[in-house]
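Reviewing the structure listed below.
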Amino acid sequence: MQKAIDPTISTWPEENPQLIGSGCGACGATVFPAQSHCPKCSKPDMSDVLLPRRGTVIAWTTQGFPPGAPYAGPTGKDFVPFGVGLVQLGDVVRVEGRLTENDPEKLKFGMEVELTMIPFTTDAEGNEIVTFAFQPV
Numbered sequence: 039m040q041k042a043i044d045p046t047i048s049t050w051p052e053e054n055p056q057l058i059g060s061g062c063g064a065c066g067a068t069v070f071p072a073q074s075h076c077p078k079c080s081k082p083d084m085s086d087v088l089l090p091r092r093g094t095v096i097a098w099t100t101q102g103f104p105p106g107a108p109y110a111g112p113t114g115k116d117f118v119p120f121g122v123g124l125v126q127l128g129d130v131v132r133v134e135g136r137l138t139e140n141d142p143e144k145l146k147f148g149m150e151v152e153l154t155m156i157p158f159t160t161d162a163e164g165n166e167i168v169t170f171a172f173q174p175v
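Count the sequence shown with my numbering and you get residues 39 to 175, in order.
Here you go:
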């Protein structure tokens, strides 16, 4: 069985999942993940917003070693380096997330990417835990 790492951040298991952010009714700011108060104007006037599935990589790096706590993914010989990117989703919001590509020769500034869900780890009950990532289009 598959489970989302956090079922509140996306519409997965829909076929074409979207990330769920928050939009501020007072100042118009959009953020991800969803928040109860606006980080721009501090007002508690936030509502859920479905974010665009496609975006552009504006910054990237590769993670060549397991992150520190609270990271709960593979470590040791099971760890596989992964790409991390800052993705501009339309003119709406920037989201930091995994990239499905980890080869620095294939990662480019300005490359178009699309949201997908990927396996992350397996929990104690044997469920495959999935997380969001961005794949090149």
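Each residue gets a CB set at the ideal place from its N, CA and C atoms; glycine is no exception.
In this text the structure is predicted, and so the values were computed from the model without any measurement.
Residue i, enclosing beta strand (DSSP E) - first and last residue
{"i": "Pro51", "result": "Neither: Pro51 is in no beta strand (DSSP E) and is coded neither H nor E."}
{"i": "Cys79", "result": "That residue, Cys79, is in no beta strand (DSSP E); it is neither H nor E in DSSP."}
{"i": "Gln73", "result": "It is not in any beta strand (DSSP E) - Gln73 carries neither H nor E in the DSSP assignment."}
{"i": "Phe147", "result": "Note, Phe147: premise wrong, no beta strand (DSSP E); not H, not E."}
{"i": "Val175", "result": "Looking at the DSSP string, Val175 is not in any beta strand (DSSP E), and its letter there is neither H nor E."}
{"i": "Arg92", "result": "92 to 101"}
{"i": "Gly135", "result": "131 to 137"}
{"i": "Ile58", "result": "58 to 62"}
{"i": "Val122", "result": "120 to 127"}
{"i": "Lys115", "result": "Unbroken run through Lys115: none, as it is neither H nor E."}
{"i": "Ala67", "result": "Note, Ala67: premise wrong, no beta strand (DSSP E); not H, not E."}
{"i": "Ala42", "result": "40 to 42"}
Beta-carbon separation (whole angstroms), residue i vs residue j, contact threshold 8 Å
{"i": "Gly93", "j": "Val125", "result": "4 Å"}
{"i": "Phe170", "j": "Val95", "result": "In fact, because the Cβ distance is near 15 Å, the residues do not count as touching under 8 Å."}
{"i": "Leu57", "j": "Val133", "result": "7 Å"}
Under 8 Å between C-beta atoms of residue i and residue j
{"i": "Asn140", "j": "Pro119", "result": "yes"}
{"i": "Ile156", "j": "Val168", "result": "yes"}
{"i": "Pro142", "j": "Thr113", "result": "no"}
{"i": "Trp98", "j": "Gly128", "result": "no"}
{"i": "Pro71", "j": "Gly63", "result": "no"}
{"i": "Thr154", "j": "Thr138", "result": "yes"}
{"i": "Thr87", "j": "Gly66", "result": "It is worth fixing the name first, because residue 87 is Val in this sequence and not Thr. No, the pair does not count as a contact, with Cβ atoms beyond the cut-off."}
Where residue i falls, given that 16 or more other Cβ within 10 Å makes a residue buried
{"i": "Phe103", "result": "exposed"}
{"i": "Met39", "result": "exposed"}
{"i": "Cys76", "result": "buried"}
{"i": "Pro22", "result": "Since the first and last residues shown for the chain are 39 and 175, residue 22 lies out of range."}
{"i": "Pro55", "result": "buried"}
{"i": "Gly121", "result": "buried"}
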